[in-house]
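Before any comments, here is the structure.
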Amino acid sequence: MKERERTVKTAAEKLQMSMRVTAKCRYNAAVRLQRQGAFAFFTTTSLSLGLIFIPLIQSAGVSLSFTPDVLNMMQVFLAVSVLVYSVVIGTSRFEVRAETLTECGDKLKELIRSIDKDKETKIVFSNDDLAAYQERYSDIVTDTENHIRSDYGLATLEMNRDYFFCGLPKFKIFLQANIQRGFPFIVPIFLLSIEVVFITDMIGITKVLTKYL
Numbered sequence: 001m002k003e004r005e006r007t008v009k010t011a012a013e014k015l016q017m018s019m020r021v022t023a024k025c026r027y028n029a030a031v032r033l034q035r036q037g038a039f040a041f042f043t044t045t046s047l048s049l050g051l052i053f054i055p056l057i058q059s060a061g062v063s064l065s066f067t068p069d070v071l072n073m074m075q076v077f078l079a080v081s082v083l084v085y086s087v088v089i090g091t092s093r094f095e096v097r098a099e100t101l102t103e104c105g106d107k108l109k110e111l112i113r114s115i116d117k118d119k120e121t122k123i124v125f126s127n128d129d130l131a132a133y134q135e136r137y138s139d140i141v142t143d144t145e146n147h148i149r150s151d152y153g154l155a156t157l158e159m160n161r162d163y164f165f166c167g168l169p170k171f172k173i174f175l176q177a178n179i180q181r182g183f184p185f186i187v188p189i190f191l192l193s194i195e196v197v198f199i200t201d202m203i204g205i206t207k208v209l210t211k212y213l
């Protein structure tokens with residue numbers, strides 16, 4: 001069964017539906033950026049701890065599986081990784097962007113409530129009324145960055161009153177959205193995995209990299 005969109009009757013309902021979708025997309029985008037920012041901070045912290053742990057364990061006189069040259073190489077690698085991710089966090093401004101997107105969603109919800117309130121006194125909206133609402137809508141969304149496709153996909157899945165999905169189409173949208181959202185985490189997860197494997201090899205718990213280094 002294919003997805004289908006809720007039938008809307010008037011131009012005002014179409015505009016409100018568009019606003020609801022955009023507001024939900026903005027909230028989803030804000031959550032996405034918050035998660036990216038939190039994971040980038042976690043990655044930087046973990047790499048920094050590894051950078052501190054290696055020289056500490058060296059100075060403790062513990063028997064290690066790697067030579068001092070290999071340990072120094074890893075410390076340089078971790079230091080560069082920390083520097084790069086610190087720059088990423090600083091330039092990406094995840095928290096600021098997420099806050100701006102959340103404010104945009106709040107403004108859209110306020111505009112939707114304003115239209116609902118006006119419906120109580122107006123049976124039919126004139127073209128001038130719709131143009132005024134459209135202008136306010138454009139002003140709100142223009143001030144913020146746009147959402148990405150995964151934000152829209154998840155929004156349609158969450159808006160049960162406006163969109164109806166069943167079976168394979170629903171799973172396809174869910175899978176595509178989460179795959180797209182997972183791409184930014186590939187590199188930091190890879191770096192953290194290298195750090196964990198190296199440290200466990202270094203203290204003799206595992207032997208994954210010892211035969212290569």
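Numbered per the numbering used here, the sequence shown finishes at 213, counting up by one with no gaps. For glycine and all other residues, C-beta sits at the position ideal for the given N, C-alpha and C.
Asked: contact_flag[the stretch 140-151, the stretch 26-35] where n(CB pairs < 8 Å) is 3 or more; Found: yes
Asked: L213 CB to nearest heavy atom of the ligand MG below 7 Å; Found: This structure lacks the ligand MG, and indeed carries no ligand of any kind.
Asked: Y137 beta carbon less than 8 Å from that of M19; Found: yes
Asked: Candidates T10, L15, T43: closest to V196 by CA position; Found: T43
Asked: Cα-Cα separation between V80 and A11, rounded to whole angstroms; Found: 55 Å
Asked: Every unbroken alpha helix (DSSP H) within the stretch 97-156, with a cutoff of 4 residues, ordered by chain; Found: 127-142
Asked: Close-in-space but distant-in-sequence residues of the same chain around D116 (CB under 6 Å, 5 per side omitted); Found: none
Asked: L64, enclosing alpha helix (DSSP H) - first and last residue; Found: Premise fails: L64 is in no alpha helix (DSSP H) and is neither H nor E.
Asked: Whole-angstrom C-beta distance between I203 and L64, which should lie under 8 Å; Found: 7 Å
Asked: Nearest to Q34 (by Cα), restricted to the options P188, E110, E99, I123; Found: E99
Asked: Alpha carbon of L49 to alpha carbon of K211, nearest angstrom; Found: 25 Å
Asked: Status (buried if at least 16 other CB within 10 Å, exposed otherwise) for V82; Found: buried
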